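J.: Numbering (the UniProt record's numbering), first residue to last: 1 to 313.
Here a beta-carbon is modelled for each residue, glycine too, at the ideal position from N, C-alpha and C.
Since this is a predicted model, take the numbers as computed values, not measurements.
Provided herewith is a single structure, encoded as structure tokens, for subsequent inquiry.
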């Protein structure tokens, strides 16, 4: 279990091998209590309301601890309400940002090509805010979106342009894990707002693993190896709160096996919705996020599923 932690993701931080108490894939725990996140360089970019762009962006505060970047296709019209995609970024629960260059580009592309409003969630990261902050913050963001059903929510873009009966929740890696947890909760207790409905869920290379010691360290209140957030329970799978699920898998991804198992367990659970699976041969973890020519991949073959599931054919 983690105790008092000080976040330092500075690559120049000085310590020796003898200073390390525990090593994990994404961070080192030092003997003096500090946590050194082994984060790759990331560049955050500001939002843009450039009228010549295909997508307009702005940042909003959802609560004191949660914010988001909203993506609005410039062609949006109040005459035709658009589906809304709540997107949850990856990064092992301790890295990355909804505001960085990669995720801003990715969600912009999806918003433009699928003609949807994107809401990319900036949630709390370990160690500054240990798990379950990421789940709580993302749930708060989903509730915030749903609160716009009567056109009287806090954001004018969502009030004017969004169809709250067509909400989609998606994410990659850790964000896929969080998305599953949200939809299990929706299936259990609902959204709480009349007229708001989650139509589908999109999991891109989702992060699961029942004996994941790193996740359990990041979550001091974990329920052990069978914690349903890391080992989805059959009852949670059976009541996933949407009609359609799309799972993307990459052949060379270390998480391919757990992603494949998720789809198999979802089928066996008795869930009544429609499951689509897209497998990319010879590709690595989250390649879809990091490459600039993402749309060429999305528009090939079954890649159309990512867009068609949102468009509601």
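What residue from 94, 20, 39, 103 has the CA that sits closest to residue 69's CA?
T.: 103
J.: Terminal residues of the continuous beta strand (DSSP E) containing residue 55?
T.: That run of the beta strand (DSSP E) goes 55 to 61.
J.: For residue 177, count the other beta carbons within 10 Å of its own beta carbon; 16 or more makes it buried, fewer makes it exposed. Which is it?
T.: buried
J.: Suppose only complete runs of 3+ residues qualify. What are the beta strand (DSSP E) ranges in the UniProt domain "Alpha/beta hydrolase fold-3" (85 to 209), listed by chain order?
T.: 117 to 122, 162 to 172, 198 to 204
J.: What three-state label does DSSP hand residue 213 in the structure shown?
T.: Assignment of residue 213 by DSSP, reduced to helix, strand and coil, places it in the helix class.
J.: Taking the continuous beta strand (DSSP E) assigned at residue 250, which residues delimit it?
T.: 244 to 250
J.: Taking C-beta to C-beta, are residue 227 and residue 273 nearer than 8 Å?
T.: Going by C-beta atoms, residue 227 is not nearer than 8 Å to residue 273.
J.: Where do the ends of the beta strand (DSSP E) carrying residue 233 lie?
T.: Element bounds for residue 233: n/a, residue is neither H nor E.
J.: Just to confirm my understanding: we take residue 58, look at its own chain, exclude 5 residues before and 5 after, and list those with CB closer than 6 Å. What are they?
T.: 47, 70
J.: I need the straight-line Cα distance from residue 215 to residue 261, nearest angstrom please.
T.: Straight across, the Cα-Cα distance linking residue 215 with residue 261 is about 19 Å.
J.: Give the DSSP-derived three-state secondary structure of residue 71 in the structure shown.
T.: The three-state secondary structure of residue 71, taken from DSSP, is strand.
J.: Ordered along the chain, which non-local residues of its own chain (more than five positions away) have a Cβ less than 6 Å from that of residue 319?
T.: Any question about residue 319 goes unanswered here, given that the chain covers just 1 to 313.
J.: Given that a residue counts as buried once 16 or more other Cβ atoms are within 10 Å of its Cβ, and exposed if not, what is residue 321?
T.: Coverage of the chain is limited to positions 1 through 313, which leaves residue 321 absent and any answer about it impossible.
J.: Taking the alpha helix (DSSP H) that residue 264 falls in, what are its first and last residues?
T.: According to the DSSP assignment, residue 264 belongs to the alpha helix (DSSP H) that extends over 256 to 269.
J.: Can you tell me where the beta strand (DSSP E) with residue 36 in it begins and where it stops?
T.: 34 to 37
J.: Residue 76 by DSSP, collapsed to three states: which one?
T.: coil
J.: Taking the beta strand (DSSP E) that residue 27 falls in, what are its first and last residues?
T.: 27 to 30
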